[in-house]
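Peer 1:
In the numbering used here, the protein residues as written are 223 to 1221.
Shown next, in the form of structure tokens:
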């Protein structure tokens, strides 16, 4: 049953208010004005952006797009435009690669009503502080080394989060860097409460929630209560849970599973909005079902106790948030293919809704527009709601900004006057910069790090001289396998979609074979990157793309490339010319890996009829003759969802009955015979019911490769962090470990559980396990840990090149967010201490201030505004020579350490030796503070130091050294060294480091 369900205790309280409001409201609002902007008007290319409103300058509405920020009056009149350039790089074939903003294409934006500035994190990796009234640039900061993920702030600070896990706190008025932090988890669109956050000292963290991403909410919901004077902050996580945290202690005051009782198939996350004493929760995904339609949920909770007051499961979910205005709550909703169960190329176009409700959940009005999707966040100013969206039918492309009253009343004019402005002339794009070749970091031969534009979702490959890899932003790269230098870079094309998976990379016979993030099949010369040919999936008549991307490996043999494409075809191309050899349509199924077997001359393909693991979905295993695939040799429907992005390995040839194995979306492993008389289900191995839908990939291994002559082996991992090896001769477990076990992996302390879904790599007896928390390397025979790299998530399989002359293998992998790492035994990465916060360290500020040659705002045509001038930016601050350090320690008594002057002295000496050998820097302890109320030896403390240097250069070197020591574990090693440990520091562990550069 769907509809609204109320807690009986609140019915009486809400009924009167509902009745009164019902008499006042009910009229569907008329749109005040709509403004559209795209390439033809503002030079804006992408249909993605974000928006903010502020009462500054009489009311201002700001929109951040991919190459410009626009400011509108409340009347819709254009006040100014601020243009900036995306980073462009010259690549092979005289092409240009345009680096993206964050994954959704947005350049984040925040406004501060105190400074009356708007802060724009541009994709050019420059933070701009712009006067809201005039559009004049006040200051800019170019210290970011990666794309901006979020900009937020408060209390005189601008907080900047970048996709390389760094967090910077800058003075909102001047742009001076005050402190910085580095995290080693998934980068996030951060939000927060910033009240008295001056030095950035680490207070507490919580690892109980799953992945926390409040993508669209510019401010964290926050409310104070008598029992919680510092306030409660509300978050949701990727598992659909909602938490209320005490900001003083980090204690969870209450939590609830907001989607309990509903079926999650897509997005589990929730939007949150405070409305007086209510916390309103809206699902971002479709989780409720009624007849042939899918819905989301909308619920109200008591913000202090977490009691659910009412819930509706007959509403559409939303991605762009909610806002409160005029006594109503207005939420945004999305109607898309999942609403009607019609998916694929002929699915109904998406539509947007704005819906206003009363506090009892009943609807007051509804606005709907088809062929549009929202972007940004729903905003409110003086009773007017502002909604930013992109559309398929927006003339000239780009986006539209819509304004309408939140609480229209009959006979009352709610809209301001509609004042239009002629658009300004779009700017001329800048020329691309030369291709960057040098490795970002290098520690000697085979020890290097390169960077891509975004996520390395395609597993790397090598021809022995170069490593080849591609990302989901359309950058393809060849890297010298020894030095890490970029040999060449190429662009997949303008259609690259950052939400799409490219294929894993395959190189053979001097050819690089790819399915790209642009939904193209491409073949390039491996040595030069020159494009030989491309084929656009979805370009066949009446055969649009069913699914948004590729997944898995292509195959190659005898001059023919085999690949499954998003338009549901298995294809064979002449690898040199791109001519079709054959193709076969598999209906509404998404193909994953395609594999060629030279023994029987067959091409195998795995496919599934949904893009998500659903109880109603199932898989297909197909085999084709490699030279003529007009009809499959066999086509087997599998009993449930099956997906495989790794290799389709074959075992059992010695027995005369070769086979493949697959994990299903249920809890089974299936074995199918292969060969021209294959396709038979040979056996089923069932897992425990608790493992339902928690496995995806499996690695099948001929047992003789590991010394098991009587059995083949299967290895897999799951979403519970288990890694399992079984003997297939008798289905007994060879071993099982859990990689979140801190007894086996002490470096996992304070980290979230690793999720495992990718296929493992086996090489020379070692098993390489990529996870959501990093890389685990195990002994394949016993499961014993060998080494780990837990600096960030791995999104693809691991490439291993054995190098016995160096004492062990070269290991290459893509690491979140955009790194490509290579190491050998001499340079294996150290795991930083400190759980989710690996280092909190600052750098000397890099502030760019410009008084000429700057891209100042472009004014609309006459009549021009009087404020279309740009004031000179303030002078850069003097270079600092001193800093304060806060070192967070656990397993230490603050009381004992405060009294143990000898331990403090040893700590001073150890830090001095670590960061300076020239005696140009002095380090001294200034205090020891307890964290929380515990003073036991198992408690926590913050040791405060002062650093004084002879010059700003010496200070910069000391800060860099300190940051590096925190990152690579040297700081923990110094603390545990013989000269430093003992007394109050006997068992201390480093948990955080904050460096604040003095003005």
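Ideal Cβ placement from N, Cα and C applies to all residues, glycine included.
The model shown is predicted, which means the values in this text are computed figures rather than measured ones.
(1) In angstroms with no decimal places, state the Cα-to-Cα distance between residue 637 and residue 586.
(2) Just mark residue 465 as buried or exposed, buried being the case when its beta carbon has 16 or more other beta carbons within 10 Å.
(3) Classify residue 516 as helix, strand or coil using the three-state DSSP reduction.
(4) Do residue 812 and residue 1043 come within 9 Å of each other at the CB atom, strictly closer than that value?
(5) Using 10 angstroms around the beta-carbon of residue 807, count the other beta-carbons present and answer buried if the total reaches 16, otherwise exposed.
(6) State yes or no: is the C-beta of residue 714 within less than 9 Å of the C-beta of residue 742?
(7) At a threshold of 8 Å, does residue 538 count as lining the ligand ZN (C-beta to nearest heavy atom)?
(8) Note down the Cα distance separating residue 824 from residue 951, rounded to an integer number of angstroms.
(9) Can you name the residues that DSSP bridges to residue 399?
(10) Fully enclosed by the region 690-762, which beta strand (DSSP E) runs are 3 residues long or longer?
(11) For residue 360, does the count of other Cβ atoms within 10 angstroms reach 16, so buried, or fall short, so exposed?
(12) So, with DSSP's three-state summary, where would you put residue 978?
(13) Near residue 831, which residues of its chain fall below 7 Å by C-beta distance, leaving aside the five closest residues on each side in sequence?
(14) Where DSSP assigns a beta bridge to residue 1162, which residues make up the other side?
(15) Count Cβ pairs between the region 626-646 and the region 1002-1021 that sit closer than 8 Å; are there 3 or more?
(16) At 3 residues or longer, and completely inside the region 971-1054: list those beta strand (DSSP E) runs for me, N to C.
(17) Is it the case that the region 540-557 contacts the region 491-501, given that we only count it when at least three CB pairs across the two stretches are under 8 Å?
(18) Just list the residues that DSSP pairs residue 1118 with in beta bridges.
(19) By a C-beta neighbour count over all protein chains shown, 10 Å radius and 16 as the cutoff for buried, is residue 634 buried or exposed?
(20) Between 552, 867, 873 and 528, which lies nearest to residue 455 when the distance is taken from Cα to Cα?
(21) Can you give the Cα-Cα distance for residue 1036 and residue 852, rounded to whole angstroms?
(22) What's the C-alpha gap between residue 803 and residue 826?
(23) Hey, residue 609 and residue 628: beta-carbon distance below 9 Å or not?
(24) Leaving out five residues on either side along the sequence, give the residues of the same chain with a beta carbon under 7 Å from the beta carbon of residue 897.
(25) Would you list the one or two residues that DSSP bridges to residue 813?
(26) Which runs of the alpha helix (DSSP H) fall wholly inside the region 653-694 and span at least 4 residues, in chain order?
(27) Sort 873, 892, 878 and 847 by Cα distance to residue 859 and report the nearest one.
(28) Take the Cβ of residue 958 as the centre, count every other Cβ of all protein chains shown within 10 Å, and call the residue buried at 16 or more, exposed below.
(29) Can you look up residue 601 in the DSSP assignment and give me helix, strand or coil?
(30) Is the Cβ-Cβ distance between residue 621 and residue 285 less than 9 Å?
(31) So, with DSSP's three-state summary, where would you put residue 253?
(32) Mind checking whether residue 919 and residue 866 have CB atoms under 9 Å apart?
(33) Would you list, in sequence order, the uninterrupted beta strand (DSSP E) runs of no fewer than 3 residues that lie entirely inside the region 833-904?
(34) Roughly how many angstroms lie between the CA atoms of residue 707 and residue 661, to the nearest whole one?
(35) DSSP state of residue 376, grouped into three classes?
(36) Can you list, in chain order, the residues of its chain with a C-beta nearer than 7 Å to that of residue 613? Leave out the 5 residues immediately preceding and following it.
Peer 2: On the basis of the coordinates in this document:
(1) Just so you know, the alpha carbons of residue 637 and residue 586 end up roughly 18 Å apart.
(2) buried
(3) strand
(4) no
(5) exposed
(6) yes
(7) In the structure on display, the ligand ZN does not appear, and there are no ligands present to speak of.
(8) 26 Å
(9) Answer by DSSP bridge pairing, in chain order: 392.
(10) DSSP runs (the beta strand (DSSP E)) wholly in the region 690-762: 697-702, 708-713, 728-730, 733-737, 742-747 and 753-758.
(11) buried
(12) coil
(13) 810, 811, 839 and 840
(14) Beta-bridge pairing links residue 1162 to 1112.
(15) no
(16) 983-985, 988-993, 996-1001, 1007-1011, 1021-1023, 1032-1037 and 1041-1045
(17) yes
(18) DSSP, once it has assigned bridges, lists no residue as partnering residue 1118.
(19) exposed
(20) Out of 552, 867, 873 and 528, 528 has the C-alpha closest to the C-alpha of residue 455.
(21) 37 Å
(22) 16 Å
(23) No, these two residues do not count as a Cβ contact at 9 Å.
(24) 822 and 880
(25) Looking at the DSSP assignment, residue 813 forms a beta bridge with 829.
(26) none
(27) 892
(28) exposed
(29) strand
(30) yes
(31) coil
(32) yes
(33) 841-847, 856-859, 881-885 and 890-895
(34) Rounded to whole angstroms, the separation of the alpha carbons of residue 661 and residue 707 is 5 Å.
(35) strand
(36) 593, 594 and 622
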